[in-house]
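Quick note on our numbering: the sequence shown kicks off at 3 and runs consecutively. Just so it is clear, CB atoms sit at the ideal spot from N, CA and C, and this is done for glycine as well. Take a look at the structure set out below.
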Amino acid sequence: IADARHALTPRQAGDTVEVVIRRGPEDTPEDVTMRATLVEQLPPWRRTMLGLIPVRQAATKDRRAKPSPLEVGWVWPDSPADRAGIVPGDIITAAATVPEDGSPVTLQPIASGGELAGLLGGLAADTKVVLQRQRADDQQQIRLAVVPLPPIPPVAVPDTEATAATVVKLEAPDLAEPGWALLPTVPEEEPLGTLVFFPEPTGPLSKQDADTLLASWQAAVGRYRVAVVVLGSSEQTRWSRSDLDRVGRSLDALAGRRRLAYALVFPGQGAQSVGMLDAVLPRRVTIQPASPAAFRWVLLGESAENTMTGTAKEQASFDREQLMQAGLPVGEISPGTDADRAAFWCRWVETLGVL
């Protein structure tokens, strides 16, 4: 990459360069020469998808652990995967992009969701892909094309018969103000998607405070089997940077108690996505252009009780525009009651692992 950057640095927009690409098997590679015209600025990268959501896999820090096969958990309605006939339970064993020049497709073995995510990362909309699908004893190659990620989750997200949900304290050594988690009643080995809820800052939370805040989440957590973590603020009127450290330690405490889904909770640095209701971006936040290595999905919205001033509403509108210009998908938070929004949030968590 450094050599390519060095060769392109002195050139200007409008210049034409020749690029030699090596493709094909390692033992019989073929060099292909292409001509490209440089532009002043690339359009923002936008996340694309096929519309398949893998079965949740638990997070692990053991790099030697063998990944589980990519089994389809559910399919985004009316997505390319849905229209191609992929169904829950299918195993994706190999994949490849389709060369634009018509040359043969060379399938790459796929051993995990992470490997397919790596192959799909950075693909532009309408790029054609071949998947090798295993269903029982039947193996089939399916051709489909990626599409832009919709900005809001589908309504038809699979759920289960509602189970009871319990509020537990997330205690950790040297953590003066532990967080609280609302956990569904499911087998301990079942990985949980996790959502961190930041309420209006009012200071530390008692068990009674946590019960009150999480009451509207009970049904959604039981249906979608998502863990919801809530913390009190260290200050009475605002959230501070020290609170973020407490979030991380609370999640560590939760991970010591339950298995957490890798795709939903630990995608890299920081949170995978963020939703803001009646709020604006913190002033110190720098919006980075979207990229396969630094992707965020943002949801914004206003409640019926919204008390933001005109200036704050103008800032929220400006935030939305800046996020969209950076290539981030920006969706609208579903209106309704607190329970309606809780179900919306949990459906959103369920879609974050989409490929």
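For residue i, three-class secondary structure by DSSP
| i | result |
| --- | --- |
| Glu-117 | helix |
| Gly-16 | coil |
| Gln-210 | helix |
| Ala-83 | helix |
| Glu-334 | strand |
| Ala-217 | helix |
| Leu-125 | coil |
| Ala-306 | coil |
| Ala-96 | strand |
| Ser-293 | strand |
| Ile-23 | strand |
| Val-300 | strand |
| Pro-111 | strand |
| Thr-358 | The requested residue 358 is not part of the displayed model; the chain covers only 3 to 357. |
| Leu-177 | coil |
| Thr-288 | coil |
| Leu-283 | coil |
| Thr-162 | coil |
| Pro-155 | coil |
| Pro-101 | coil |
| Pro-150 | strand |
Extent of the continuous beta strand (DSSP E) to which residue i belongs
| i | result |
| --- | --- |
| Gln-143 | 140 to 147 |
| Phe-320 | Looking at the DSSP string, Phe-320 is not in any beta strand (DSSP E); the run it does join, the alpha helix (DSSP H), is 312 to 327. |
| Leu-54 | 54 to 56 |
| Gln-134 | 130 to 137 |
| Pro-186 | 181 to 186 |
| Glu-73 | 72 to 77 |
| Glu-32 | 32 to 39 |
| Gly-195 | 195 to 199 |
| Thr-168 | 167 to 172 |
Beta-carbon spacing of residue i, residue j below 9 Å
| i | j | result |
| --- | --- | --- |
| Val-344 | Trp-219 | Correcting the residue type first, residue 344 is Ala in the shown sequence and not Val. Yes, the Cβ-Cβ distance between Ala-344 and Trp-219 is below 9 Å. |
| Ala-263 | Gly-224 | no |
| Thr-50 | Ala-126 | yes |
| Val-77 | Ile-55 | yes |
| Leu-1 | Val-198 | This structure gives no information on residue 1, because the portion of the chain shown stretches from 3 to 357. |
| Val-159 | Leu-122 | no |
| Thr-129 | Thr-108 | no |
| Gly-124 | Gly-355 | no |
| Pro-193 | Leu-146 | no |
| Val-351 | Val-228 | yes |
| Leu-358 | Arg-58 | The requested residue 358 is not part of the displayed model; the chain covers only 3 to 357. |
| Pro-206 | Glu-163 | no |
| Leu-184 | Leu-133 | no |
| Ser-275 | Leu-301 | yes |
| Pro-71 | Ala-113 | yes |
| Phe-346 | Pro-186 | no |
| Gly-195 | Arg-137 | no |
| Ala-212 | Val-157 | no |
| Val-34 | Asp-103 | yes |
| Ala-255 | Glu-190 | no |
| Pro-203 | Glu-237 | yes |
| Ala-221 | Ala-341 | yes |
Below-9 Å beta-carbon distance, residue i vs any chain B residue
| i | result |
| --- | --- |
| Leu-54 | Going by chain labels, chain B is absent from the structure shown, which holds only one protein chain. |
Run of the alpha helix (DSSP H) containing residue i, from where it starts to where it stops
| i | result |
| --- | --- |
| Thr-353 | 340 to 353 |
| Arg-7 | 4 to 10 |
Runs of beta strand (DSSP E) wholly within the segment 221 to 277 (minimum 3 residues, chain order)
For the segment 221 to 277, whole beta strand (DSSP E) runs of length 3 or above, ordered along the chain, are 228 to 232.
Three or more beta-carbon pairs under 8 Å between the segment 302 to 318 and the segment 236 to 254, yes or no?
Taking 8 Å as the limit for Cβ pairs, the verdict is that the segment 236 to 254 does not touch the segment 302 to 318.
Say whether the segment 310 to 330 touches the segment 281 to 300, bearing in mind that this needs 3 or more beta-carbon pairs closer than 8 Å, one atom from each stretch.
Contact holds: three or more Cβ-Cβ distances are below 8 Å.
Closer than 8 Å is the cut-off here; do at least three beta carbon pairs connect the segment 13 to 23 with the segment 35 to 45?
Segments in contact, yes.
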